[in-house]
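Reading through the structure tokens given below for one structure.
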Amino acid sequence: METRWIVNWKSPAMIVVFMFLACTAPLFAQSNAGTAASIEPTMIIDRPTAGMLHRGNYYVYSNFFEEGGVLFGVSVGLLDRFNFGISYGGTNILGKQKPELNPYPGVNVKLRILEESTGIPAVAVGFEWQGRGPYHDGFKRYLVKSPGFYAVASQNYAVGGHLSLHCGINLSTEGGDGDKDLDAFIGAEKSLGKDISLLAEYDFGLNDNSANAFGRGRGRGYLNLGFRWSWGKGLVLGVDMKDILKNQGDISLGNRTIQIEYVGSF
């Protein structure tokens, strides 16, 4: 008789597992902010870079967003050029309302196909099935769609510290709103001293501007700004302001989120 194992992603046990993964302290701490960074940032804010975790490195994070939402995630460098990660979360995790958990965990894989050299950016391709913000059942999508399939190029410069520039294209699998267009994004990271980095990201929102999409045809795209501060021993605190151009309309002063990151090695 065949035995089947069924995983209930919404069970309290699974929530505890993801919280543990996001809060576990490693033995060998790293950093991904400021000039003292020892690991390449793998994300700008909501969109990926060509940066990689080297073999044996790992990255865990907790992202806190509107409606009492929390997203937990962990990524691991299985090889120098191949990373794998998983994430899970929901809304009303914080507060007194009943938690509403995402319908499935997010998965991300990334493969670097070209190493960076003078005048030639690093290039990576991948797939990420994790959007940002609350999940909306009616449209089968997150507030910010997951990247889906993507290709991204990143180039680093020594300009008053570290300056990283990124550009990419992506095709999200979240098309329940009827907008399945190819999207594009650009971004930059600038170090400010040895422990601080400033981030800027612009998502053109080409897959979120139809009449039924959250962008509702405004066509402004998504401008996000971020701040990362390394506290040492692998701990990084982040604050982001998203959708500053009010592409979704119902925002007063950016969609403000907080992120706690930990980077280490086995």
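Positions in the sequence shown are counted from 1; adding 20 to them yields our numbering. Glycine residues also receive a C-beta, built at the ideal position from the N, C-alpha and C atoms. In this text, all values refer to a predicted model and were calculated from it rather than measured experimentally.
- Distances from the alpha-carbon of G252 to those of L121, G246 and I280 put I280 closest.
- Three or more beta-carbon pairs separated by less than 8 Å are not found between the segment 190 to 206 and the segment 89 to 100, which leaves the two stretches without contact.
- A direct Cα-to-Cα measurement between Y81 and Y282 gives close to 6 Å.
- A straight-line Cα-Cα distance of about 41 Å links A173 and K118.
- If you check the CB distance, I64 and E221 come in under 8 Å.
- Cα atoms of G213 and F102: separation of roughly 30 Å, rounded to the nearest angstrom.
- Here the segment 69 to 77 makes contact with the segment 137 to 154; the two share three or more CB pairs at distances below 8 Å.
- For L91, the uninterrupted beta strand (DSSP E) segment begins and ends at G89 to L99.
- For L131, the pairing in a beta bridge is given by DSSP as F102 and V145.
- Annotated three-state conformation of T69 is coil, per DSSP.
- Within the DSSP bridge table, the entry for H156 names R161 as partners.
- Taking N128 as reference, the option from L257, T62, E209 and I113 with the minimal CA-CA separation is T62.
- Note: A178 is not bridge-paired with any residue in the DSSP secondary-structure output.
- DSSP, read as helix, strand or coil, puts K262 in strand.
- DSSP, reduced to helix, strand and coil, places H74 outside both helices and strands of the structure shown, so it counts as coil.
- DSSP places S137 in no beta strand (DSSP E); its state is neither H nor E.
- A straight-line Cα-Cα distance of about 15 Å links F159 and Y124.
- Taking all protein chains shown into account, E135 has fewer than 16 neighbouring C-beta atoms within 10 Å of its C-beta and is therefore exposed.
- In this structure, D223 and G196 do not form a Cβ contact; the two beta carbons are roughly 18 Å apart against a cut-off of 8 Å.
- Spatial neighbours of G76 in its own chain (CB-CB distance under 8 Å, excluding positions within 5 residues in sequence) are listed in chain order as G97, S285 and F286.
- Between the alpha carbons of H186 and E120 lies a gap of roughly 34 Å.
- Collapsing the DSSP output to three states places F247 in a strand.
- For T111, the three-state secondary structure derived from DSSP is strand.
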